[in-house]
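If you read the sequences in order, they're chains A and B.
Here our numbering is used: the first residue of the first sequence is 1, the next is one more, and so on.
Here our numbering is used: the first residue of the second sequence is 250, the next is one more, and so on.
The C-beta atom is built at its ideal place from N, Cα and C for all residues, glycine as well.
Following: one structure in structure tokens, then a few remarks.
Protein chains: 2
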Amino acid sequence: MTEFDNFFKSAFTVDNVIFGFDEGDLKVLLIKRGEAPYMGQWALPGYFVYPNEDLDAAANRVLEELTGLRNVYLEQVKTFGAVDRHPFGRVITVAYFSLVKISDYRLQPASIARKAQWHPVAQISELAFDHAEILQTCFQRLKNSVQWRPIGFELLPPQFTLTELQHLYEAILETELDKRNFRKKILSMGLLLDLDQIQEGVAHRPAKLYRFDREKYLRFQAEGFHFELKEGKRKEARQRKKMLEEAWG
Amino acid sequence: MTEFDNFFKSAFTVDNVIFGFDEGDLKVLLIKRGEAPYMGQWALPGYFVYPNEDLDAAANRVLEELTGLRNVYLEQVKTFGAVDRHPFGRVITVAYFSLVKISDYRLQPASIARKAQWHPVAQISELAFDHAEILQTCFQRLKNSVQWRPIGFELLPPQFTLTELQHLYEAILETELDKRNFRKKILSMGLLLDLDQIQEGVAHRPAKLYRFDREKYLRFQAEGFHFELKEGKRKEARQRKKMLEEAWG
DNA sequence: TTGCGCTGGTGTAAAATACACACTAATTTC
DNA sequence: GAAATTAGTGTGTATTTTACACCAGCGCAA
Numbered sequence: 001m002t003e004f005d006n007f008f009k010s011a012f013t014v015d016n017v018i019f020g021f022d023e024g025d026l027k028v029l030l031i032k033r034g035e036a037p038y039m040g041q042w043a044l045p046g047y048f049v050y051p052n053e054d055l056d057a058a059a060n061r062v063l064e065e066l067t068g069l070r071n072v073y074l075e076q077v078k079t080f081g082a083v084d085r086h087p088f089g090r091v092i093t094v095a096y097f098s099l100v101k102i103s104d105y106r107l108q109p110a111s112i113a114r115k116a117q118w119h120p121v122a123q124i125s126e127l128a129f130d131h132a133e134i135l136q137t138c139f140q141r142l143k144n145s146v147q148w149r150p151i152g153f154e155l156l157p158p159q160f161t162l163t164e165l166q167h168l169y170e171a172i173l174e175t176e177l178d179k180r181n182f183r184k185k186i187l188s189m190g191l192l193l194d195l196d197q198i199q200e201g202v203a204h205r206p207a208k209l210y211r212f213d214r215e216k217y218l219r220f221q222a223e224g225f226h227f228e229l230k231e232g233k234r235k236e237a238r239q240r241k242k243m244l245e246e247a248w249g
Numbered sequence: 250m251t252e253f254d255n256f257f258k259s260a261f262t263v264d265n266v267i268f269g270f271d272e273g274d275l276k277v278l279l280i281k282r283g284e285a286p287y288m289g290q291w292a293l294p295g296y297f298v299y300p301n302e303d304l305d306a307a308a309n310r311v312l313e314e315l316t317g318l319r320n321v322y323l324e325q326v327k328t329f330g331a332v333d334r335h336p337f338g339r340v341i342t343v344a345y346f347s348l349v350k351i352s353d354y355r356l357q358p359a360s361i362a363r364k365a366q367w368h369p370v371a372q373i374s375e376l377a378f379d380h381a382e383i384l385q386t387c388f389q390r391l392k393n394s395v396q397w398r399p400i401g402f403e404l405l406p407p408q409f410t411l412t413e414l415q416h417l418y419e420a421i422l423e424t425e426l427d428k429r430n431f432r433k434k435i436l437s438m439g440l441l442l443d444l445d446q447i448q449e450g451v452a453h454r455p456a457k458l459y460r461f462d463r464e465k466y467l468r469f470q471a472e473g474f475h476f477e478l479k480e481g482k483r484k485e486a487r488q489r490k491k492m493l494e495e496a497w498g
């Protein structure tokens, strides 16, 4: 095994945007930095990639140390490698996002985890390094992915109501959806299993509970089925047009 | 400036899938390796990222050394970091693809370029390292990107006929498109400038020449216009269904 | 100069889909 | 048992997508 000249080497890390969904809000798990640089500021959880560790493995490790969760949805998004993105030297980072059920999440004993906290995506302003940019990029990617793959369920408990699912989509897509159309669309895909159970302990008509039928999805997928759940461009276009017209009087 | 422990460092490269379009085929520029490992095999052009060089800059450098072209469409796709992807040590690589007009391409004097050659995507089988996987990933990404952004024009000469454009899309999407519908759709976007010129030197009725109107696109984009040029999923689904039915008789 | 070969160019009708929209049903709480 | 709250449901219309076939214009060769 030949060693490459040190000249060509650089430090590299993974950073993980861990999304959760709670109280109707899309949230991200951030860590308060306890050391320079950016001491005291919030940052994305991340760490160096070990020399004998695959990239995805590193991202999973960061995730597990922090949340105790394994087998979580994880998607590589983009690599950020601006020369000056780290004040102490050249550090290239591979950004991932992952989707966790906050209900499954347990604070881990690892010292790093004690400084972790969920933040609503909408309220995050400043972050250490270029992490604000990374977060935005990952959020965009999530917005996109969720419309083409049935990954939204990763953020909900195993059983959920259609209204919860709709609220999840509304939070991610930052838009409002029509209830009847949403239900029609999602049910017509045949990927939701009606559990013949209803909500308990709510002060109103209880909703039916559903489960995502992953096996069925995999079967459908093999037959060329495409999941698609998105706001039509027609509506979007009209909204934009309206806004422009209002802006110009 | 603190140095990170060498333990966390590793070699870092960019690999570039350079797409071109010629004779109705989508092609990729490959290099015949002149050294170990994989000596004599075809590989994607790539090189180490210099310590003081942004990632995108490195990808552009590789591209320019090889083709002499600047200001070319370039898109970061994915980072490949399996521990054993390079037999001589840990090398993480960021994959890009770029789109060049083969007509602009001139063989460069750089020694590396002398071993370069265009290969039709469809006919590439084995490549050095994990480059076959990288190529496939980039090809998928191109397929996707081309439907949502007007980047196909980057592969054509500045002036082109609608038939050429259609053939380009057919080559990338690996499908056939309906002539009338294609023309209707692309013209209705209003992004093509009719040059009031016609083909010369063809042994049949000459076609009108068009140019992509980038300025107009940018203006439209600011108003929320979305480029979209894709095979409908309905047709796809039907085709797949038909194929399945035939397969099962 | 005529006819053949080739590619360019065009419209319409039918089907599928996206959209907007409002009331009744079931449950808890007071 | 009335009030409050959320669940659940169907239809008509606008728009988009799809399928489909013929005539036009040019070069070339007979």
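* Where A/Thr161 and A/Phe182 are concerned, what is the direct C-alpha to C-alpha distance, given to the nearest angstrom? -> The C-alpha of A/Thr161 lies about 13 Å from the C-alpha of A/Phe182.
* Asked: Relative to the C-alpha of A/Arg214, which residue among A/Pro150, A/Lys143 and A/Ser10 is closest?
  -> Among A/Pro150, A/Lys143 and A/Ser10, the Cα nearest to that of A/Arg214 belongs to A/Pro150.
* **Distance between A/His86 and A/Phe129 (C-alpha atoms, nearest Å)** => Spanning the two alpha carbons is a distance of roughly 6 Å.
* In its own chain, which residues sit with a C-beta less than 7 Å from the C-beta of A/Val77, not counting the 5 before and 5 after it? -> Taken in chain order, the residues that qualify are Ala95, Tyr96, Phe97, Thr137, Cys138 and Arg141.
* Limits of the unbroken alpha helix (DSSP H) element including B/Thr386 -> Here the alpha helix (DSSP H) through B/Thr386 covers His380 to Trp397.
* Determine which residues share a DSSP beta bridge with A/Asn16 and list them. => Bridge partners of A/Asn16: A/Tyr96.
* **Cβ-Cβ separation, B/Thr328 to B/Gly295 (assumed contact under 8 Å), whole Å** => That belief does not hold up - the Cβ atoms of B/Gly295 and B/Thr328 are roughly 12 Å apart, past 8 Å.
* Asked: According to DSSP, which residues form a beta bridge with B/Val277?
  -> In DSSP, B/Val277 forms a bridge with B/Phe268 and B/His368.
* **Within chain A, the residues that B/Gln385 reaches when beta carbons sit closer than 8 Å** => Result: empty, since nearest Cβ-Cβ is about 16 Å, beyond 8 Å.
* Asked: Is the beta carbon of B/Ala260 sitting closer than 8 Å to the one on B/Val340?
  -> Annotated as proximal: B/Ala260 and B/Val340, with beta-carbon spacing under 8 Å.
* Asked: B/Lys479 CB to nearest chain A CB: under 8 Å?
  -> False, the Cβ-Cβ gap to chain A never drops below 8 Å.
* Asked: In chain A, which residues lie less than 7 Å from B/Arg339 when you measure between Cβ atoms?
  -> Chain A residues near B/Arg339: Pro51.
* **Chain-order list of residues whose beta-carbon lies under 7 Å from that of A/His49 (same chain, five-residue window excluded)** => For the sequence presented, residue 49 of chain A should be read as Val rather than His. Closer than 7 Å at the Cβ level, and outside the excluded window around A/Val49, lie Phe12, Thr13, Val14, Leu55 and Ala58.
* Asked: Would you say B/Gly283 touches the ligand COA, meaning its beta carbon is less than 7 Å from a heavy atom?
  -> Ligands are entirely absent from the displayed structure, and the ligand COA is therefore not among its contents.
* Neighbourhood of A/Leu177 by C-beta distance below 8 Å, restricted to the same chain and skipping five residues each side -> Same-chain partners within the cutoff: Gln166, Tyr169, Glu170 and Glu231.
* May I ask which residues mark the beginning and end of the alpha helix (DSSP H) holding B/Phe469? => Segment Arg463 to Ala471, the alpha helix (DSSP H) holding B/Phe469.
* B/Leu478 by DSSP, collapsed to three states: which one? -> Of the three classes helix, strand and coil, the one that applies to B/Leu478 here is coil, per DSSP.
* Asked: Under the three-state reduction of DSSP, which class applies to A/Ala43: helix, strand or coil?
  -> For A/Ala43, the secondary structure class from DSSP, reduced to helix, strand or coil, is strand.
* **Closer than 8 Å to chain A by CB, B/Gly498** => Residue placement at B/Gly498 cannot be trusted, given a pLDDT of 43 that sits under 50; what the coordinates show is reported in the next sentence. By this cut-off, B/Gly498 is not an interface position.
* To do: Report buried or exposed for A/Ala163, applying the criterion of at least 16 other Cβ atoms within 10 angstroms of its Cβ.
  => According to the sequence provided, residue 163 of chain A is Thr. The question's Ala does not apply to it. Under this definition A/Thr163 is an exposed residue.
* Closer than 8 Å, CB to CB, is A/Ser10 near chain B or not? -> Yes, contact with chain B.
* **Amino acids of chain B, ordered along the chain, whose beta-carbon sits closer than 8 Å to that of A/Asp54** => The answer, in chain order, is Gly330, Ala331 and Val332.
* To do: Throw me the rounded Cβ distance for the A/Tyr105 and A/Gly20 pair, which I believe falls under 8 Å.
  => Yes, A/Tyr105 and A/Gly20 are in contact; Cβ-Cβ is about 7 Å, under 8 Å.
* Simplified DSSP state of B/Gln415, which is helix, strand or coil -> Collapsing the DSSP output to three states places B/Gln415 in a helix.
* To do: Please name the residue, chosen from B/Val395, B/Leu444 and B/Arg460, that lies closest to B/Gly476 on a Cα-to-Cα basis.
  => Just to set this straight, residue 476 of chain B is Phe in the shown sequence, not Gly. Cα-wise, what sits closest to B/Phe476 is B/Val395.
* Asked: Which one or two residues does DSSP pair with B/Gln325 in a beta bridge?
  -> In DSSP, B/Gln325 forms a bridge with B/Tyr345.
* Look up A/Asp196 in the DSSP assignment and say whether it is helix, strand or coil. => Under the three-state reduction of DSSP, A/Asp196 is assigned to strand.
* Asked: Are any of the Cβ atoms in chain A nearer than 8 Å to that of B/Lys465?
  -> Output row for B/Lys465: interface = no.
* In chain B, what lies closer than 9 Å to A/Gln76 by C-beta? -> What A/Gln76 touches in chain B: Lys327 and Thr328.
* Compare the C-beta of A/Met1 against all C-beta atoms of chain B and say whether one is closer than 8 Å. => For A/Met1, the predicted structure reports a pLDDT of 44, less than 50, and the residue's modelled location is therefore unreliable. A value from the coordinates is still provided. Among the CB atoms of chain B, one or more fall inside 8 Å of the CB of A/Met1.
* Out of A/Glu53, A/Trp118, A/Gly81 and A/Leu209, which has the shortest C-alpha to C-alpha gap to A/Lys27? -> Measuring from the Cα of A/Lys27, the nearest candidate turns out to be A/Trp118.
* To do: Please name the residues in the region 277 to 297 of chain B whose beta-carbon is closer than 7 Å to at least one beta-carbon of chain A, in chain order.
  => From the region 277 to 297 of chain B, only Phe297 have a Cβ closer than 7 Å to chain A.
* State the DSSP-derived secondary structure class of B/Ser259, mapped to helix, strand or coil. => In this structure, B/Ser259 counts as strand in the three-state DSSP scheme.
* Can you pull the chain A residues whose beta carbon is under 9 Å from the beta carbon of B/Val343, in chain order? => Using a Cβ-Cβ cut-off of 9 Å, B/Val343 is close to Thr79, Gly81, Ile92 and Val94 of chain A, given in chain order.
* Any beta-carbon of chain A closer than 8 Å to the one on B/Val253? -> Before going on, a small fix: residue 253 of chain B reads as Phe here, not Val. Chain A contact via Cβ: present.
* To do: Helix, strand or coil for B/Lys350, going by three-state DSSP, please let me know.
  => Secondary structure at B/Lys350: coil, using DSSP grouped into helix, strand and coil.
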